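Report on the structure given below.
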Amino acid sequence: MAYYIALPFFTILLVVLQRTLLDLLFGGRIGVEVSLILVIYAGFHLDMVRGGVLAFLTGFLLDCVSGTITGLYTFAYVLIFLLSYLLSPRIYGERMLFIMGYAFLCVLLEGLFIFTVYWSVYGTDVSQGLLRTYLPQALVAGVLSPALFTLFNRLEATVHAGEAR
Amino acid sequence: MFKKYLAVIVAFILIAVSLVILSQSLRRPGNPGVVKKLVFEVTAPVERVINSGVGSVSGAWKQYLFLVGLEEENRELRKKIAVLQGEVNYYREMSLEGSRLKKVLALEDSTIYPAIAARVVGNEGSSTFRTIMINKGSTDGVKEGLPVISPEGVVGRVIETSWNYSKILLVTDYNSNIDALVQGSRAQGILQGGGHRLLRLKYVQRTEEVKADEAVITSGLGGAFPKGLMLGTVVRADKKDPGLFQTIEVVTSVDFSKIEEVLVLQTEKD
């Protein structure tokens, strides 16, 4: 229960920090989508209900604060979570190279999905933007993902310890 | 039995709910629900606190580097230059319009709209979506669709409002389309965002002579923006691509990474 109570506060803090401090660290040029790496982590480590709620909530919050079409991030995050969840029993998701490559692919997938919606709904060709925005973002996510996985692992252990008490 | 299918049920519910949210948003854009308004109200103050903290630290560092007072003076002078540039642009536009129409129209007083001054509380430069958050909402009179400007030129338009905060779609967003006019040649087109400071002026006929460094302003068509507001400057215009229209690139007059205060124009007549 404590997990579901703490989740909204944690996700709000994560989204705000991602939009402010992390954005500032990279000079507002490259986005660091820690939230997406968290969703991938949830797909590999959490059960369907916990992870699903986390993916949904994080995506929805991102939609609220920075998106122009509500539901884009929500849907993309839910899909990426489900993909990771389905892959988790089949793949050993602790190898560093795998985590890096998978995070890289997921960011590109997210970008492809968002730009496809733009193209199909508004008829806007944003293919150049896909490369300019999402390729560096995917590279950064790939590089940072093993460290973030370790961080989330520790966080999860703390939450479990708190719930056990 | 139920536990066996729990994962499938939850997955189905999550997909269904997110699809409903997405389709509702596409069908009725600019209509944030109460939940979204509440999220605005909760996240914006947190963001403002973090931003002000970060801003004050970086401000102190800058002041140390550039000596006390020099930074402040520089900022004031830049503001004055921006205001004067806006005025020059406005008078140039008025002069051109006057000389063109002096025999046809009686000169009317230019319409001055009331404006709401607001502070930028959230500005994520690296996001795919180019939006900012301001600290004025529906209780201050901000409504969806109102134009937002700064001394340098057009910033964007209001797309969502909560009670005390609003989200602004910047002119640089892919979703932004503004009826525009090249000031010198009077060529008309649609200025579309490109995700960064370089915009595209679309649907300008190949017969039009557009040159680099010409100012691009709002045309007043479409009703969202009043005529004559500065949008940017032409950086490239070429007719190499086949088709009816030429390729024109425009750089925005506003530097969105440094924007701090904006004005929301109340162009709607009650």
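Protein chains in written order, with the working numbering: chain F, 1 to 165; chain L, 1 to 270.
Ideal Cβ positions, reconstructed from N, Cα and C, are used throughout, including at glycine.
As the structure is a computational prediction, the values presented were derived from the model and not from experiment.
Euclidean distance between Cα positions of residue i and residue j
{"i": "L:Gly195", "j": "L:Tyr5", "result": "43 Å"}
{"i": "F:Val39", "j": "F:Tyr118", "result": "23 Å"}
{"i": "L:Glu160", "j": "L:Gly122", "result": "14 Å"}
{"i": "L:Val158", "j": "L:Pro147", "result": "7 Å"}
{"i": "L:Gly98", "j": "L:Asn89", "result": "14 Å"}
{"i": "L:Leu19", "j": "F:Thr124", "result": "21 Å"}
{"i": "L:Glu93", "j": "F:Gln128", "result": "34 Å"}
{"i": "L:Gln24", "j": "L:Ser176", "result": "20 Å"}
{"i": "F:Phe98", "j": "L:Ala215", "result": "50 Å"}
{"i": "F:Val15", "j": "F:Gly43", "result": "19 Å"}
{"i": "F:Ile5", "j": "F:Thr11", "result": "11 Å"}
{"i": "L:Gln183", "j": "L:Glu260", "result": "27 Å"}
{"i": "F:Val159", "j": "F:Tyr3", "result": "7 Å"}
{"i": "L:Leu26", "j": "L:Val10", "result": "24 Å"}
{"i": "L:Val104", "j": "L:Gly141", "result": "Caution is warranted here: a pLDDT of 43 is assigned to L:Val104, below 50, making its placement in the model unreliable, and the coordinate value is therefore given only provisionally. In a straight line, the C-alpha of L:Val104 is about 37 Å away from that of L:Gly141."}
Residue i and residue j closer than 8 Å at C-beta
{"i": "L:Ile21", "j": "F:Gly71", "result": "yes"}
{"i": "L:Ile116", "j": "L:Leu263", "result": "yes"}
{"i": "L:Val251", "j": "L:Arg197", "result": "yes"}
{"i": "L:Thr131", "j": "L:Lys167", "result": "yes"}
{"i": "L:Lys240", "j": "L:Arg206", "result": "no"}
{"i": "F:Phe56", "j": "F:Val78", "result": "yes"}
{"i": "L:Gly137", "j": "L:Val254", "result": "no"}
{"i": "F:Gly51", "j": "F:Tyr85", "result": "yes"}
{"i": "F:Val32", "j": "F:Leu144", "result": "yes"}
Chain F contact residues for residue i, given Cβ-Cβ distances below 8 Å
{"i": "L:Val42", "result": "Ile12"}
{"i": "L:Val254", "result": "Near L:Val254 there are no residues of chain F at all, since even the closest Cβ is about 15 Å away, more than 8 Å."}
For residue i, the residue or residues it bridges with in DSSP
{"i": "L:Ser150", "result": "L:Gly153"}
{"i": "L:Glu249", "result": "L:Arg200, L:Arg236"}
{"i": "F:Val16", "result": "For F:Val16, which the question treats as bridged, DSSP gives no partner whatsoever."}
{"i": "L:Glu160", "result": "L:Lys167"}
{"i": "L:Gly122", "result": "L:Met133"}
{"i": "L:Gln188", "result": "L:Leu181"}
{"i": "F:Leu112", "result": "The partner list for F:Leu112 (beta bridge, DSSP) is empty, contrary to what the question assumes."}
{"i": "L:Thr218", "result": "L:Ala180"}
{"i": "L:Val10", "result": "Answer is none; L:Val10 lacks a bridge partner."}
Proximal chain L residues relative to residue i, where beta-carbon distance stays under 9 Å
{"i": "F:Ile40", "result": "In chain order: nothing, as chain L lies at least about 16 Å away."}
Burial state of residue i, where buried means 16 or more other Cβ atoms lie within 10 Å
{"i": "L:Val155", "result": "buried"}
{"i": "F:Asn153", "result": "exposed"}
{"i": "L:Ser257", "result": "exposed"}
{"i": "L:Asn164", "result": "buried"}
{"i": "F:Ala103", "result": "buried"}
{"i": "L:Pro151", "result": "buried"}
{"i": "L:Asn51", "result": "buried"}
{"i": "F:Leu108", "result": "buried"}
{"i": "F:Ala147", "result": "exposed"}
{"i": "F:Met48", "result": "buried"}
Beta-carbon neighbours of residue i, restricted to chain L and to distances below 8 Å
{"i": "F:Leu108", "result": "Those do not exist, as F:Leu108 stays about 13 Å from chain L at its closest Cβ, beyond 8 Å."}
{"i": "F:Thr175", "result": "The requested residue 175 of chain F does not occur in the structure, where chain F is confined to residues 1 to 165."}
Neighbour list for residue i in chain F, Cβ cutoff strictly below 7 Å
{"i": "L:Asn51", "result": "Thr20"}
Beta carbon proximity, residue i to chain B, threshold 8 Å
{"i": "L:Leu14", "result": "As a matter of chain content, chain B is missing from the structure shown, whose protein chains are F and L."}
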